[in-house]
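Residue numbers (this note's numbering), protein chains in the order written: chain A, 1 to 204; chain B, 1 to 192. From the three backbone atoms N, C-alpha and C, an ideal C-beta is built for every residue, glycine too.
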Amino acid sequence: MFVPKNKYYLFPPPFQINIPMISLNLFTGMLFVKKGSNKKTQTIPQQKMKKRTAKSPLSKLLTLALFCLLAMGACKSKKRVTEAAPEPAPVEQPAPAPAAPAQPSAEEVAVSRLEGYFSSIANASNVQSANATIQEALGLFSNQNTPVLIVIHEENGMKDYDEPTDIQKYLNYLKDTQKNLNFISDVRVDGSGRVTELELRRRR
Amino acid sequence: MKKYFPSFLLMFFLTAAVSVAQTADISPQRKQAIDSLALEKVKDLSKYISIIGSKETQFSEANRVMDRAEELFAPAAEMGVSSVNTRDVAYYKVRRYFERLMALNYDRVNISWYDIHYISDLERQPDGRYVGVVTVYQRFEGTSQEAGLNYRDTTKKDITIYVERKSTQVAGRTIEFWDVMLGDIRVTETSA
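Okay, structure coming up:
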């Protein structure tokens with residue numbers, strides 16, 4: 001048997017654990033002790049161990065049988081594992097936290113409130129009521145001269161405007177004519193959320 | 001420099017031609033929007049006249065509305081006034097007309113305009129302005145309980161409309177807009 005330098009094998013290496021001075025064969029259960037450190041290492045089985053050699057036909061047969069048994073068991077075991085592998089238990093996913101409702105932007109808030117004011121002013125039952133609503137609506141603007149642009153038509157990206165006016169005049173216009181022909185198409189607000197410019201568009 | 005002069009001249013004429021072509025070419029939809037805009041101004045005027053004439057309108061409010069109404073007119077525009085009692089038609093500057101209207105000696109005044117429509121579509125003039133004529137019918141009713149005075153008439157009036165492209169600065173931006181101006185309002189018919 002080939003014995004490498006400072007090492008020796010009784011059986012195929014995978015079944016053999018080599019520790020300095022001691023060697024344990026897993027198949028045969030034989031424990032060998034390495035004696036000396038010279039090139040001609042001599043392995044002496046412990047006295048309690050049965051005296052067997054790898055060359056024994058019986059040992060070979062037993063080893064082969066054991067090997068086959070292990071191989072079959074491994075296959076069967078693997079199959080069973082495959083078959084019996086339970087479906088991965090549904091992991092209890094924590095319910096996704098309800099997405100926090102997106103806070104409306106300052107522009108959206110302004111548009112919503114202004115549309116309400118425009119409608120109230122145009123449909124006010126009397127002048128006093130309309131004036132009160134106008135004063136309330138003016139509070140949303142940076143000043144009473146906030147420009148108001150009215151788009152009457154748009155074609156190829158080119159806008160046609162009515163004569164620009166300001167918010168105070170426009171609110172009074174709603175009151176005087178009692179008609180709310182335009183909707184808010186664009187609004188600009190300052191840092192404090194007050195409207196600094198308004199663009200309206202004709203309803204169709 | 002002289003050798004480039006013809007090139008400069010050619011470029012000038014080409015630019016002018018393109019500019020004129022762009023102004024002249026107005027799609028039907030765009031023209032309709034301008035027509036509607038002008039007609040809406042006439043309807044606004046009818047509301048203003050009703051407010052100014054109404055005896056229920058406060059003085060300050062009437063003055064504010066007079067300012068708005070005056071802004072609708074071209075400078076020096078005149079308003080015709082007629083009566084079923086006379087064949088004459090008097091013409092007043094619009095501001096003077098509004099002041100007289102507000103001071104009418106009735107307890108109650110009701111003015112309404114109806115059947116507002118174009119009798120002459122807006123047409124582009126050589127100077128670039130659009131000019132058209134709108135006709136309205138005005139129903140006037142004035143009552144004075146103390147004097148037992150009742151007056152009513154229906155007047156047909158023609159309003160000349162001018163629409164012009166202008167530009168102005170808004171928040172640092174140049175905004176081009178259609179300026180609608182009302183011209184003289186001529187009385188064409190008066191009936192009881």
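Simplified DSSP assignment, three categories, for residue i
| i | result |
| --- | --- |
| residue 112 of chain A | helix |
| residue 63 of chain B | helix |
| residue 57 of chain A | helix |
| residue 90 of chain B | strand |
| residue 176 of chain A | helix |
| residue 166 of chain B | strand |
| residue 157 of chain B | strand |
| residue 116 of chain B | strand |
| residue 23 of chain B | Below a pLDDT of 50, predicted positions are generally treated as unreliable, and residue 23 of chain B, at 48, falls in that range; no measurement from the model is reported. |
| residue 52 of chain A | The predicted position of residue 52 of chain A is uncertain, since its pLDDT is 49 and thus under 50; a value taken from the coordinates is nonetheless stated next. Three-state DSSP puts residue 52 of chain A in coil, outside helix and strand. |
| residue 84 of chain B | coil |
| residue 103 of chain B | coil |
| residue 53 of chain B | helix |
| residue 146 of chain A | coil |
| residue 180 of chain B | strand |
| residue 191 of chain B | strand |
| residue 92 of chain A | coil |
| residue 182 of chain A | strand |
| residue 38 of chain A | Caution is warranted here: a pLDDT of 45 is assigned to residue 38 of chain A, below 50, making its placement in the model unreliable, and no coordinate value can be reported. |
| residue 164 of chain A | coil |
| residue 144 of chain B | strand |
| residue 174 of chain B | strand |
| residue 46 of chain A | Low confidence applies here, because residue 46 of chain A scores a pLDDT of 46, under 50, leaving its location unreliable; read the following figure in that light. Coil. |
| residue 35 of chain B | helix |
| residue 125 of chain B | coil |
Option nearest residue i by Cα separation, candidates the options
| i | options | result |
| --- | --- | --- |
| residue 198 of chain A | A:129, A:155 and A:143 | A:143 |
| residue 178 of chain A | A:201, A:99, A:125 and A:93 | A:125 |
| residue 133 of chain A | A:109, A:118 and A:147 | A:118 |
| residue 180 of chain A | A:131, A:192, A:120 and A:158 | A:120 |
| residue 99 of chain B | B:29, B:51, B:115 and B:192 | B:51 |
| residue 117 of chain B | B:71, B:28, B:27 and B:41 | B:41 |
| residue 77 of chain B | B:84, B:83 and B:69 | B:69 |
| residue 91 of chain B | B:85, B:84, B:80 and B:101 | B:80 |
| residue 188 of chain B | B:26, B:53, B:84 and B:46 | B:84 |
| residue 26 of chain B | A:107, A:156 and A:202 | A:156 |
| residue 59 of chain B | B:101, B:28, B:87 and B:46 | B:101 |
| residue 140 of chain A | A:122, A:97 and A:107 | A:107 |
| residue 105 of chain A | A:189, A:63 and A:202 | A:189 |
| residue 138 of chain B | B:71, B:186 and B:179 | B:186 |
| residue 39 of chain B | B:87, B:57 and B:114 | B:114 |
| residue 125 of chain B | B:165, B:49, B:71 and B:48 | B:165 |
| residue 29 of chain B | A:61, A:159 and A:150 | A:159 |
| residue 116 of chain A | A:62, A:154, A:93 and A:136 | A:136 |
C-beta atoms of residue i and residue j nearer than 8 angstroms
| i | j | result |
| --- | --- | --- |
| residue 111 of chain B | residue 73 of chain B | no |
| residue 152 of chain A | residue 161 of chain A | yes |
| residue 183 of chain B | residue 162 of chain B | yes |
| residue 165 of chain A | residue 195 of chain A | no |
| residue 131 of chain B | residue 158 of chain B | no |
| residue 108 of chain B | residue 55 of chain B | yes |
| residue 138 of chain A | residue 184 of chain A | no |
| residue 104 of chain B | residue 142 of chain B | yes |
| residue 170 of chain A | residue 187 of chain A | no |
| residue 106 of chain B | residue 46 of chain B | no |
| residue 204 of chain A | residue 182 of chain A | no |
| residue 127 of chain A | residue 146 of chain B | no |
| residue 82 of chain B | residue 160 of chain B | no |
| residue 122 of chain A | residue 174 of chain A | yes |
| residue 102 of chain A | residue 193 of chain A | no |
| residue 44 of chain B | residue 163 of chain A | no |
| residue 176 of chain A | residue 97 of chain B | no |
Test: residue i CB closer than 8 angstroms to a CB of chain C
| i | result |
| --- | --- |
| residue 164 of chain A | As a matter of chain content, chain C is missing from the structure shown, whose protein chains are A and B. |
Touch test, the segment 172-183 of chain B against the segment 140-156 of chain B, Cβ-Cβ under 8 angstroms, three pairs minimum: Per the Cβ contact rule, the segment 172-183 of chain B is not in contact with the segment 140-156 of chain B (fewer than 3 Cβ pairs under 8 angstroms).
Stretch-stretch touch, CB-based, cutoff 8 angstroms, three pairs: the segment 59-66 of chain B with the segment 160-174 of chain B: Result no; under three Cβ-Cβ pairs closer than 8 angstroms.
The segment 175-191 of chain B: positions lying closer than 9 angstroms to chain A by Cβ: Taking 9 angstroms as the Cβ-Cβ cut-off against chain A, the residues of the segment 175-191 of chain B that qualify are 175, 176, 177, 178, 179 and 180.
Residues of the segment 167-183 of chain A with Cβ closer than 9 angstroms to any Cβ of chain B, in chain order: Of all residues in the segment 167-183 of chain A, only 169, 172, 173, 176, 177, 178, 179 and 181 place a beta-carbon less than 9 angstroms from a beta-carbon of chain B.
Inter-stretch contact (C-beta, 8 angstroms, three-pair minimum) for the segment 33-42 of chain B and the segment 120-127 of chain B: A contact exists between the segment 33-42 of chain B and the segment 120-127 of chain B.
Residues of the segment 32-57 of chain B whose Cβ lies closer than 7 angstroms to any Cβ of chain A, in chain order: Only 33, 37, 44, 47, 48 and 51 from the segment 32-57 of chain B bring a Cβ to less than 7 angstroms from some Cβ of chain A.
Interfacial residues, the segment 110-133 of chain A to chain B, with Cβ spacing under 8 angstroms: For the segment 110-133 of chain A, the residues whose beta carbon sits under 8 angstroms from a beta carbon of chain B are, in order, 127.
Interface positions of the segment 143-154 of chain A facing chain B (Cβ-Cβ less than 8 angstroms), listed along the chain: Those would be 147, 149, 152 and 153, in chain order.
Contact list for the segment 183-200 of chain A against chain B, Cβ threshold 7 angstroms: For the segment 183-200 of chain A, the set of positions with a beta-carbon nearer than 7 angstroms to some beta-carbon of chain B reads 197 in chain order.
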